[in-house]
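Note that the UniProt record's numbering gives residue 57 to position 57 of the sequence shown, counting from 1, and the numbers run on in steps of one.
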Amino acid sequence: DLMACDCRSENPVRLGEWVEVRVSRTGRLASLEVEDDPPQEILAPGAFTQLSLPLNLYLGGAPSTDMYSPKMKTTASFVGCIQTVILNRREVRNFALTRSARDYAAQIGILAEALGGVNVGNCGHACEARPCGDAECRPLRDRFTCRCRPGMPHPCPAPDDNAILDSSLMKPNGGTHYERSVPSFSGSESYLHYNDADTMKRIISYRVDVNMRFRASSSSGLLLWSGRQADPQEQRDENDDFLALGLDRGYLTLAYNLGSGEAVLRYNLTRLDDDLWHRVRAVRNEQWASLVVDSGTGVSASSPGQLRQLNTDTGLYVGGAPDIVRTTGGRYAKGIVGCISDLVLDSDFSVALSSPGQATNTHSCIP
Numbered sequence: 001d002l003m004a005c006d007c008r009s010e011n012p013v014r015l016g017e018w019v020e021v022r023v024s025r026t027g028r029l030a031s032l033e034v035e036d037d038p039p040q041e042i043l044a045p046g047a048f049t050q051l052s053l054p055l056n057l058y059l060g061g062a063p064s065t066d067m068y069s070p071k072m073k074t075t076a077s078f079v080g081c082i083q084t085v086i087l088n089r090r091e092v093r094n095f096a097l098t099r100s101a102r103d104y105a106a107q108i109g110i111l112a113e114a115l116g117g118v119n120v121g122n123c124g125h126a127c128e129a130r131p132c133g134d135a136e137c138r139p140l141r142d143r144f145t146c147r148c149r150p151g152m153p154h155p156c157p158a159p160d161d162n163a164i165l166d167s168s169l170m171k172p173n174g175g176t177h178y179e180r181s182v183p184s185f186s187g188s189e190s191y192l193h194y195n196d197a198d199t200m201k202r203i204i205s206y207r208v209d210v211n212m213r214f215r216a217s218s219s220s221g222l223l224l225w226s227g228r229q230a231d232p233q234e235q236r237d238e239n240d241d242f243l244a245l246g247l248d249r250g251y252l253t254l255a256y257n258l259g260s261g262e263a264v265l266r267y268n269l270t271r272l273d274d275d276l277w278h279r280v281r282a283v284r285n286e287q288w289a290s291l292v293v294d295s296g297t298g299v300s301a302s303s304p305g306q307l308r309q310l311n312t313d314t315g316l317y318v319g320g321a322p323d324i325v326r327t328t329g330g331r332y333a334k335g336i337v338g339c340i341s342d343l344v345l346d347s348d349f350s351v352a353l354s355s356p357g358q359a360t361n362t363h364s365c366i367p
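Following this line, the structure appears as structure tokens:
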């Protein structure tokens, strides 16, 4: 504020989506650019050309509204996530990647350089699962790129096959950057299947923690399924163990049975069949379970009976399942129509969507 002047974006910012904002000032001329909209420029009146700012830089709010200029249009604190801040071509971040996903989350990005903060948490992202191995995982809105560290061979080595090495499923992003391919599903006999020990020990357990992103254009469809094999000649036991996550008439639904009765959680706060990306976290701890969408208010429920462990033998299906009506006991008639990415189990295990045990009728998601 050299002298009072306002600069506003041409269009309102869309809520629930990542937005890139560029602000610059040269002398009395200020410019505001939001995404691909034309820059909005304004010239401050008067003759002053230099700012004097004795206070520290605050992001998201300030300790007291008394610190704000009386000329500000709003004094409300920001609600949402800030991923990257670049000041005079210097990025405010310090990726101190450690072997521990928990330590990594505590040190990631802007939080690492902050002098202090109040009521600030880590905004969930796929990088927390270390999908790039020893390479640097750099958030890119809802996605990420992997950058080789100095001295590493190119492309960067990964601890297993799910990170970087399958070039047919990666999209080069210039130099040593690689962006993970994201699968899309058609809804009809379209699915990924996993039956490896690392995946299944995180499903067949007393606790299940699923964190994933998806976007769907269909109002109903299966996202995840693990259950019991069904004999075509026999009637399915209504108390067979299963875990199912999917859309029902536009609303996210988590259902499970541990062998002594079925529990169903339905997230009725918003429809999710809008072809936009959403992040979902589904957690089951013995009989209790919760469902959270886009870091909003959660819903929870408990299964009846006394049994507390999920025992399934079909493996994990993603996006759909074969003979889906029979496989799911009539709970779903088709798989999801859309895309699934960043599937993480137990907060630290990234499911290899680019290299499943079996892939049927899947394609690369169109951004």
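Where is the CB? At the ideal position from N, CA and C, for every residue including glycine.
Legend entry - Whole-angstrom distance between Pro-183 and Ala-255, CA atom to CA atom: 24 Å
Legend entry - Cα-Cα separation between Tyr-332 and Glu-91, rounded to whole angstroms: 47 Å
Legend entry - Beta-carbon spacing of Pro-39, Ser-52 below 8 Å: Cβ distance not < 8 Å, so Pro-39 and Ser-52 don't count as in contact.
Legend entry - Those residues which DSSP pairs with Glu-41 across a bridge: Paired residue(s): Ser-31.
Inset, instruction - Please work out which residues of its chain come closer than 6 Å, Cβ to Cβ, to residue 385, disregarding the five sequence neighbours upstream and downstream, and give them in chain order. - result: No answer is possible for residue 385: it lies beyond the span of the chain, which begins at 1 and ends at 367.
Inset, instruction - Could you tell me which residues DSSP puts in a beta bridge with Ile-340? - result: Answer is Phe-214, bridged to Ile-340.
Inset, instruction - Flag this pair as touching only if the stretch 42-49 and the stretch 61-77 have three or more C-beta atom pairs under 8 Å; answer yes or no. - result: no
Inset, instruction - Verify whether the separation of the beta carbon atoms of Gly-250 and Leu-272 is less than 8 Å. - result: yes
Legend entry - Ser-220 classed as buried or exposed, judged by whether at least 16 other C-beta atoms fall within 10 angstroms: buried
Legend entry - First through last residue of the alpha helix (DSSP H) which encompasses Ala-321: Counting along the chain, Ala-321 falls outside any alpha helix (DSSP H), and DSSP gives it neither H nor E.
Inset, instruction - Have a look at Thr-362 and Gly-296 and give me their C-alpha separation to the nearest angstrom. - result: 30 Å
Inset, instruction - For Trp-288, collect the residues of the same chain with a Cβ closer than 6 Å to its Cβ; drop the 5 residues on either side in sequence, then sort them by chain order. - result: Ser-302
Legend entry - Close beta carbons around Gly-16, own chain, < 8 Å, minus the five adjacent residues each side: Cβ neighbours of Gly-16 beyond the five flanking positions: Leu-276, Asp-294.
Inset, instruction - Confirm, please, whether the CB-CB distance from Cys-339 to Arg-215 is below 8 Å. - result: yes
Inset, instruction - Pick helix, strand or coil for Arg-143, following the three-state DSSP scheme. - result: strand
Legend entry - Pair within 8 Å by beta-carbon distance, Ser-188 and Ile-336: no
Inset, instruction - From the DSSP output, read off the bridge partner residues of Cys-137. - result: Cys-146
Inset, instruction - State the Cα-Cα distance for the pair Pro-304 and Leu-87, rounded to the nearest angstrom. - result: 55 Å
Legend entry - Chain-order list of residues whose beta-carbon lies under 6 Å from that of Glu-286 (same chain, five-residue window excluded): Tyr-206, Arg-308
Legend entry - Continuous beta strand (DSSP E) stretch holding Asp-248: start and end: 242-248
Inset, instruction - Mark Tyr-317 as exposed unless 16 or more other C-beta atoms lie within 10 angstroms of its C-beta, in which case mark it buried. - result: Per the 10 Å Cβ criterion, buried.
Legend entry - Nonlocal neighbours in the same chain, by C-beta distance under 7 Å from Ser-186, ignoring five residues either side: Val-337, Asn-361
Legend entry - When Phe-48, Gly-60, Cys-132, Cys-7 are compared against Lys-71, the one with the closest alpha-carbon: Cys-7
Legend entry - Whole-angstrom distance between Ala-62 and Gly-320, CA atom to CA atom: Here the C-alpha atom of Gly-320 lies approximately 47 Å from the C-alpha atom of Ala-62.
Inset, instruction - Compare the Cα-Cα distances from Pro-12 to each of Val-34, Gly-298, Ser-24, Leu-245 and report the closest residue. - result: Val-34
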